[in-house]
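If you count the sequence shown from 1, position 129 lands on 129 in the numbering used here, and the numbers rise without skipping.
Ideal Cβ placement from N, Cα and C applies to all residues, glycine included.
Since the structure is predicted, the reported quantities are computational estimates derived from the model, not experimental observations.
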Amino acid sequence: MAQVTTMAAEVPENPLVPPIPELVIGLIAFFIVFGILAKKLLPNINKVLDERHEAIEGGMKKAEEAMAEAQQVLDEYRTQLADARHEAARLRQEAQEQGATLIAEMRAEGQRQREEIIAAGHAQIEADRKAAAQSLRQDVGKLATDLAGKLVGESLEDHARQSRTIDRFLDELEAQAASDTTKAEAGR
Numbered sequence: 001m002a003q004v005t006t007m008a009a010e011v012p013e014n015p016l017v018p019p020i021p022e023l024v025i026g027l028i029a030f031f032i033v034f035g036i037l038a039k040k041l042l043p044n045i046n047k048v049l050d051e052r053h054e055a056i057e058g059g060m061k062k063a064e065e066a067m068a069e070a071q072q073v074l075d076e077y078r079t080q081l082a083d084a085r086h087e088a089a090r091l092r093q094e095a096q097e098q099g100a101t102l103i104a105e106m107r108a109e110g111q112r113q114r115e116e117i118i119a120a121g122h123a124q125i126e127a128d129r130k131a132a133a134q135s136l137r138q139d140v141g142k143l144a145t146d147l148a149g150k151l152v153g154e155s156l157e158d159h160a161r162q163s164r165t166i167d168r169f170l171d172e173l174e175a176q177a178a179s180d181t182t183k184a185e186a187g188r
C-alpha cells in the first residue's frame, strides 16, 4: 500500500481539471451572478428590446400610412392633371371653333366689301360712260352742224331744230348698234 500512496503522491495533477472545492465555489458564484443578472438586468434588456420592437413596428406602420397618403395625393394629382388636360383640349377646341367662325365672318365681310367696291366701280364706269356719251354727242352734233353749214354754204342758226335732228340721228345709230349686238349674240 505504501506503493499506492507513493504512486498517488507521484501522480501529477491535471491542469485542465480544476480542484473540486474551486469548482463548487465557482458554480455557486456563477449562479449568484446569473440570478442577479436575471432579476436586475434581464428585465431592462427585455424592456429596451420591446421598446425597440414597438418603435420599429410603429415606424413601419407610420411608413405604410405615409405611403398610402402619398399614393392618395398622387392619385389626386393625376386626376387633376387629367382634368386640366381635358380642360385644355376643350379650350383649344373652342378657340379653333371661334377662329373658324371669325375667319368665316371676315371672309363674308371681305366678300361684301368686294361686291360693294365692284358695284361702286360699275356705277362709276356707267356714269363716266354716260357723261362721255353725252359729251361725244354734243361734240359730234356741233361738228356735224359745222360741216353741214360748210357744205351748204350758210350757217344753220336754228339751234333747237339742230339739236332735235342730231339727237334723232344719234338715237337711230344707237338702236341699230343695239340690234346688231343682239343678232350677234343670238348667232352664237
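Open item on the list: According to DSSP, simplified to helix, strand and coil, what is R21?
Closed with: If you number the sequence shown from 1, residue 21 lands on position 21. In the sequence as displayed, the identity of residue 21 is Pro instead of Arg. Here P21 sits in helix by DSSP.
Q. Under a CB-based cut-off of 8 Å, is E87 close to chain D?
A. Among the protein chains of the structure shown there is no chain D, as only one such chain exists.
Quick one: using the 10 Å Cβ neighbour count with 16 as the cut-off for buried, is I25 buried or exposed?
Mapped onto the sequence shown, residue 25 falls at position 25. Looking at its Cβ environment, which holds fewer than 16 other Cβ atoms inside 10 Å, I25 is exposed.
Report task. Determine contact between the region 135-153 and the region 109-122, defined as no fewer than three beta-carbon pairs at a distance below 8 Å. Result -> no
Check your understanding: A144 and I125 look like a contact to me (Cβ under 8 Å); what is the Cβ gap, rounded to whole Å?
Key -> Position 144 of the sequence shown, counted from the start, is the residue given in the question as residue 144. Position 125 of the sequence shown, counted from the start, is the residue given in the question as residue 125. Contact doesn't hold; Cβ gap of about 27 Å is too wide.
task: Please report how far the alpha carbon of R78 lies from the alpha carbon of A89, in whole angstroms.
output: Locating residue 78 in the sequence shown gives position 78, counting from the first residue. Locating residue 89 in the sequence shown gives position 89, counting from the first residue. Distance between the alpha carbons of R78 and A89: 16 Å.
*How big is the Cα-Cα spacing for H122 and A175?*
Residue numbering aside, residue 122 sits at position 122 when the sequence shown is read from its first letter. Residue numbering aside, residue 175 sits at position 175 when the sequence shown is read from its first letter. Roughly 23 Å separates the two Cα atoms.
*asked:* With H, G and I counted as helix, E and B as strand and the rest as coil, what does DSSP make of A15?
replied: Locating residue 15 in the sequence shown gives position 15, where the first residue counts as 1. According to the sequence as given, residue 15 is Pro; it is not Ala. In this structure, P15 counts as coil in the three-state DSSP scheme.
| message | Can you give me the C-alpha to C-alpha distance between I32 and P15, rounded to a whole angstrom? | response | Counting from one through the sequence shown, the residue named residue 32 turns up at place 32. Counting from one through the sequence shown, the residue named residue 15 turns up at place 15. The alpha-carbon atoms of I32 and P15 are separated by roughly 26 Å.
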